[in-house]
Ligand code: CP3
């Protein structure tokens with residue numbers, strides 16, 4: 004596609020999906036966390052998983068940031084870890100600690116206990132999507148999502164969060180064949196899942212590769228990008244966003260992925276990223292910590308970011324998820340600044 008053709012296509016994409024003539028804005032992890040209204044719903048159920056598995060409540064907290072913060076998109080309330088669970092590896096969400104897997108994968112016999120999941124195995128997410136679409140009534144698009152295979156793999160081997168994910172990385176060096184087999188199963192499950200989400204009504208999908216940044220460039224090609232690329236190729240039905248946190252080294256190659264949008268984290272220089280990924284809509288990338296600043300400082304930082312993206316198709320967002328202790332009014336300040344200062 005010619006450069007002019009590209010600008011036409013990507014601007015059209017923003018216009019057709021978001022139906023806006025300015026830069027759209029939403030925030031990763033906008034559903035929940037900062038809103039007292041979310042905490043109220045969260046306290047009405049046993050735990051996080053109960054909320055994820057209650058379609059009516061999941062739809063309610065998905066729509067909250069649209070009504071209460073004014074974002075231009077909703078993202079379905081769920082978690083990336085529903086895929087390991089559907090494949091046969093149960094997870095628990097420990098209060099204020101994060102995910103924990105009682106069983107992890109280390110051998111071929113562990114692998115035999117898992118299966119490639121079908122989209123319908125996550126019917127509660129599909130039901131939440133259908134209810135959310137009804138509730139949104141066309142006001143804003145709905146984003147579906149999944150973890151990228153490498154990030155899901157990392158949790159399935161490690162068994163929970165980690166600073167290094169050294170157990171997961173160890174398998175890449177000691178049992179690469181086993182690693183590829185599991186990555187392949189996750190990839191197939193993810194394709195089934197995203198196709199089902201699109202059928203249920205989501206308008207675009209995002210892949211979160213939260214642990215991209217711990218791999219070397221060569222490992223990233225072999226154990227992550229290859230599988231992300233398979234997913235992008237398999238899903239022509241809807242626009243796709245790839246957000247690979249910390250994968251600054253892979254940006255050039257990301258320009259060749261069959262996806263429309265690339266998410267940038269706040270370490271990725273905007274001017275450099277525009278040059279490296281001329282064929283992509285770029286999403287991001289304000290440092291989430293910028294929202295701890297004063298209202299004046301948030302406005303200044305946001306306008307600076309918008310200026311650096313000017314002339315390139317852009318969806319405003321943070322460079323990673325919203326932190327739980329950010330004041331809702333600071334989030335509103337970021338959103339309102341984008342709305343007032345982009346065109
Ligand atoms: O963006 C949204 O608001 C939609 C919902 C959403 C959640 N998790 C809800 C959630 C999304 C898109 C995710 C993705 C997710 N989950 C990622 C990728 C994005 C990223 O942050 O890098 C990852 C790595 C996970 C795994 C996960 N889930 C962790 C590590 C934790 C615990 C720490 C934390 O971030 O709070 C969760 C729990 C979780 N997922 C919560 C929410 C609202 C908090 C739990 C609660 O409310 O009780």
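In the working numbering, the protein residues as written are 4 to 346. For glycine and all other residues, C-beta sits at the position ideal for the given N, C-alpha and C.
DSSP, read as helix, strand or coil, puts residue 301 in helix. Around the beta-carbon of residue 254, 16 or more other beta-carbon atoms lie within 10 Å, marking it buried. About 5 angstroms separates the beta carbon of residue 117 from that of residue 90, a gap short enough to meet the 8 angstroms contact definition. In the DSSP annotation of this structure, residue 241 is not part of any alpha helix (DSSP H), being labelled neither H nor E. At least one heavy atom of the ligand CP3 lies closer than 7 angstroms to the C-beta of residue 248. If you check the C-beta of residue 281 against the ligand CP3, you find no heavy atom less than 7 angstroms away.
In this structure the segment 203-215 touches the segment 231-244; the number of beta carbon pairs closer than 8 angstroms is three or more. Residues 168, 171, 214 of the same chain have their beta carbon placed closer than 6 angstroms to that of residue 157, with the five preceding and five following residues left out of the count. In this structure residue 48 is not in contact with residue 38, their Cβ atoms being roughly 16 angstroms apart against a cut-off of 8 angstroms. The continuous beta strand (DSSP E) containing residue 102 extends over residues 101-103. In this structure, the CA atom of residue 103 is about 5 angstroms from the CA atom of residue 163. Taking 7 angstroms as the cut-off, the C-beta of residue 84 counts as close to a heavy atom of the ligand CP3. Counting only residues of its own chain and dropping the five nearest sequence neighbours on each side, residue 239 has no CB closer than 6 angstroms to any other CB. Contact between the segment 103-115 and the segment 178-190 is present: 3 or more CB-CB pairs across the two stretches fall below 8 angstroms. Of all C-beta pairs linking the segment 220-227 to the segment 260-274, fewer than three are shorter than 8 angstroms, placing the two stretches out of contact. Closer than 7 angstroms to some heavy atom of the ligand CP3: that does not describe the Cβ of residue 251. Annotation: residue 130 to residue 44 spans about 18 angstroms, alpha carbon to alpha carbon.
Around the beta-carbon of residue 140, fewer than 16 other beta-carbon atoms lie within 10 Å, marking it exposed. Taken in chain order, the complete beta strand (DSSP E) segments of 3 residues or longer contained in the segment 123-156 are 145-150.
A Cβ-Cβ contact shorter than 8 angstroms links residue 142 with residue 69.
DSSP lists 150, 246 as the beta-bridge partner residues of residue 211.
For residue 322 and residue 308, the gap between their C-alpha atoms comes out near 11 angstroms.
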